[in-house]
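A short write-up of the structure that comes next.
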Amino acid sequence: MYESLKHAGVDTSYLPEVRKGHFLIGKTRDGVPVMGSIGDNQASLFGSVRDLEDTVLLNVGTGSQISFVSEEFVECGGSVELRPCTESSYIFVGASLCGGRAYAMLEQFYREVSGTDSGAKMYSRMQEQAEDFLEKYGKEAVWKVDTAFSGTRSDPSRRGMITGIGV
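In this text, residue positions in the sequence shown follow our numbering: the first is 5, and each later residue adds one.
Written as structure tokens, this is what we have:
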């Protein structure tokens, strides 16, 4: 890569060294290791779990992702990706484009329907209603919500839907 950039007249002395994986840069005064740059998925995993082998990590933000580590390399397809983790392990990742954002959209819908313009959050009311519904009608009557409102990584044109609505 550097050769092509140099040939194009780009000063590559400003670019970081490309490494195969993460690497130790040094340590803080307290002896905490400082590692070279890694991806945000790897960073969230390393920063959130103590045991990489026996943990499944679920992150929900605007999007959401579920990750777990394996030493086995597997060709993935569909909505699961295989990403590098350590020199001898990989991260299996299922990531959606709408995670917490879908819940925020539902909360906004609640505020608009209820006429609440005060900015008061409706999350506790949503939780109460969900619990009441489940207790009254059971799991079989729960609506299924596909939160692909912004498409998916493999199909950007896909859209969300709600199924199981009945009377």
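A virtual CB, placed ideally from N, CA and C, is assigned to each residue, including glycine.
Exercise. How about S48 and L28: do their beta carbons lie closer than 9 Å?
Worked result: no
For this session: Return helix, strand or coil for S48, following the three-state DSSP convention.
Result: helix
For this session: Would you check if the distance between the CB atom of G155 and the CB atom of A106 is smaller than 9 Å?
Result: no
Exercise. Within 10 angstroms of its Cβ, does V103 collect 16 or more other Cβ (buried), or is it exposed?
Worked result: Before going further, note that residue 103 is Gly rather than Val in the sequence given. Its Cβ being crowded by 16 or more others within 10 Å, G103 is buried.
For this session: Compute the distance between the beta-carbons of F72 and I95, then report whether it is under 9 Å.
Result: yes
Exercise. Can you list, in chain order, the residues of its chain whose CB lies under 7 Å from that of T16, leaving out five sequence neighbours each side?
Worked result: Y6, L9 and K10
For this session: For A99, name the three-state secondary structure that DSSP assigns.
Result: strand
Problem set entry | CA nearest to the CA of F153, picked from V171, G67, Y141 and S92 | G67
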